[in-house]
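> Numbering (our numbering), first residue to last: 260 to 712.
1) Between which two residues does the alpha helix (DSSP H) harbouring residue 464 extend?
2) What is the residue span of the alpha helix (DSSP H) that residue 334 lies within?
3) Below 6 Å CB to CB, which residues in the same chain sit around residue 335 once its five sequence neighbours on both sides are set aside?
4) Around the Cβ of residue 375, are there at least 16 other Cβ atoms within 10 angstroms (buried) or fewer (exposed)?
5) With a 10 Å radius around its C-beta and 16 neighbouring C-beta atoms as the bar for buried, classify residue 453 as buried or exposed.
6) Are there 16 or more other CB atoms within 10 angstroms of the CB of residue 471, so buried, or fewer, so exposed?
7) Need the endpoints of the alpha helix (DSSP H) that residue 509 sits in, please.
8) Give a yes or no on whether the C-beta atoms belonging to residue 274 and residue 397 are separated by under 8 Å.
9) Which residues in the same chain as residue 521 place their Cβ atom closer than 7 Å to its Cβ, once the five residues preceding and following it in sequence are excluded?
10) Taking the alpha-carbon positions, what's the residue 617 to residue 436 distance?
11) Quick one: residues in its chain with C-beta nearer than 6 Å to the C-beta of residue 268, no 5 flanking neighbours on either side, listed in chain order?
12) Could you tell me whether the segment 645 to 661 touches the segment 506 to 526, using the rule of 3 or more Cβ pairs below 8 Å?
13) Alpha carbon to alpha carbon, how far is residue 598 from residue 359?
14) Mapping the DSSP letters down to three states, classify residue 432 as helix, strand or coil.
15) Work out the CA separation of residue 337 and residue 304 for me, nearest whole Å.
16) Alpha carbon to alpha carbon, how far is residue 370 from residue 619? Give it in angstroms, no decimals.
17) Just the Cα atoms here: how many angstroms apart are residue 341 and residue 290?
18) Let me confirm a value: residue 663 is counted as buried when at least 16 other C-beta atoms fall within 10 Å, else exposed. Which label applies?
19) Helix or strand or just coil, what does DSSP make of residue 398?
20) Can you grab the Cα-Cα spacing for the pair residue 625 / residue 638, in whole Å?
21) What is the rounded straight-line gap between the Cα of residue 605 and the Cα of residue 528?
22) Can the beta-carbon of residue 431 be found closer than 8 Å to that of residue 345?
23) Excluding sequence positions up to five away, which residues of its chain have a Cβ less than 6 Å from the Cβ of residue 455?
24) Can you find the residues in the same chain that come closer than 7 Å, C-beta to C-beta, to residue 377, ignoring five residues on each side of it along the sequence?
25) Check the C-beta distance from residue 329 over to residue 636 and give it rounded, since I have them as a contact under 8 Å.
26) Please list, in chain order, all residues of the same chain as residue 414 whose beta carbon is under 6 Å from its beta carbon, the five residues on each side excluded.
27) Apply the 10 Å Cβ neighbour rule to residue 271 and answer buried if 16 or more other Cβ atoms are within range, or exposed otherwise.
28) Here's a check: name, in chain order, each residue in its chain whose Cβ is nearer than 6 Å to the Cβ of residue 367, leaving out the five neighbours to either side.
29) Taking the alpha-carbon positions, what's the residue 530 to residue 450 distance?
30) Checking 8 Å against the spacing of the C-beta atoms, do residue 315 and residue 535 come in under that value?
31) Is residue 538 buried or exposed, if buried means 16 or more other CB atoms sit within 10 Å of its CB?
32) Do three or more CB pairs link the segment 404 to 422 to the segment 567 to 585 at distances below 8 Å?
33) Measure the C-alpha to C-alpha separation of residue 387 and residue 503 and round it to an integer number of angstroms.
34) Drop a sphere of 10 angstroms on the beta-carbon of residue 485, count the other beta-carbons inside from all chains shown, and report buried for 16 or more, exposed for fewer.
35) How about residue 552 and residue 544: are their beta carbons less than 8 Å apart?
36) So, helix, strand or coil for residue 666, using DSSP?
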């Protein structure tokens, strides 16, 4: 058999085998991760009275998670690079699961603040670590689509987690002598502990160590990934210092800040906005119904994410596949302020969610075009750290504006403005670094990806 025939055959076989083993498991882990991070938004509906939280205090509690998260993000990702994904991701999951469950027992707002900081420290490094891990297993032509499948866990976590969490709060109130929101924290924290044990035995650090790949498959995948690393345009090598001083890393961080500002505003405050329909539109939704309504934008966003990431892979274009949905999200969210019914308000919110979720998987392709080795570990963590500053800013600013004005209007205008800034920055990135480093691929790479999927 000729090399030309053999390579596509083994390529297709290896990518499918690796994807089937890795993507579902990592997606499940991210599902639990995001649920434990954001379920405080639904807990708020009953927790606030018990702990005496104002909107500003709740925004602070939500955002404090990201203080610990940001401080330990880069060190955690460098530790993953040194100790291996299997050990480090298992450690991350164990500690965040224990702390998430411990939130069931907070007696005061101050204890809530402290545990949210510790939860951020515990979770630091998980998401960028998984992204780094994926670059160690998948050739570049397949990453956007496969990242899109992995990132499906984010909207699915919100779509399923919202009704699940609200049902636990409503129907398990009093279980173990605890309030419903406390039971929710306890029940939803334990799966991470169980997954930590599974991770220890299931994940493999690198292709060369994979007993579940044949020798020729391991050899092909290792050689392919090494070849791609050597071909990166203007790449940042294993130097952490070079990653820290590369302007592209920081610009990408600011772009991610704008995209996730919209994400965290929705995740933390959408339950409150829906609950506010009672005053605005004279509705009377139960807690479970509120959870189901909150799930809709995330469910639609999940479907859109799959199709958009596939379209990006088919065309080989990246920058505009980030800019266009982010622009749509930025423009749509202020329209929610002027709708005259719950349906049209949620329609505008759903369009915003579609914009956010479509941009995410394509965005995370961009750092891998010029980062390698320890530089990739540091650079991806920096991008994630800068971007996740919005996780503190979005809930705190939105909560403060809610208290100051009595409604969500000012906060949603800020969301639109910050997302619009991200659009400008990603277009600037396209013009400053050139097509290859900004993620646009050659027709040959594009044709190859289409043939294999």
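Where is the CB? At the ideal position from N, CA and C, for every residue including glycine.
Nothing here was measured: the structure is a model prediction, and the numbers come from that model.
Inspection of the coordinates gives the following:
1) Note, residue 464: premise wrong, no alpha helix (DSSP H); not H, not E.
2) 314 to 342
3) 383 and 384
4) buried
5) exposed
6) exposed
7) 506 to 534
8) yes
9) 588, 592, 611, 615, 674 and 678
10) 42 Å
11) none
12) yes
13) 37 Å
14) coil
15) 38 Å
16) 33 Å
17) 26 Å
18) exposed
19) coil
20) 11 Å
21) 13 Å
22) no
23) 349, 352 and 353
24) 327 and 358
25) Not quite, the Cβ-Cβ distance comes to about 16 Å (not below 8 Å), so this is no contact.
26) 557, 560, 561 and 616
27) exposed
28) none
29) 24 Å
30) no
31) exposed
32) yes
33) 16 Å
34) exposed
35) yes
36) coil
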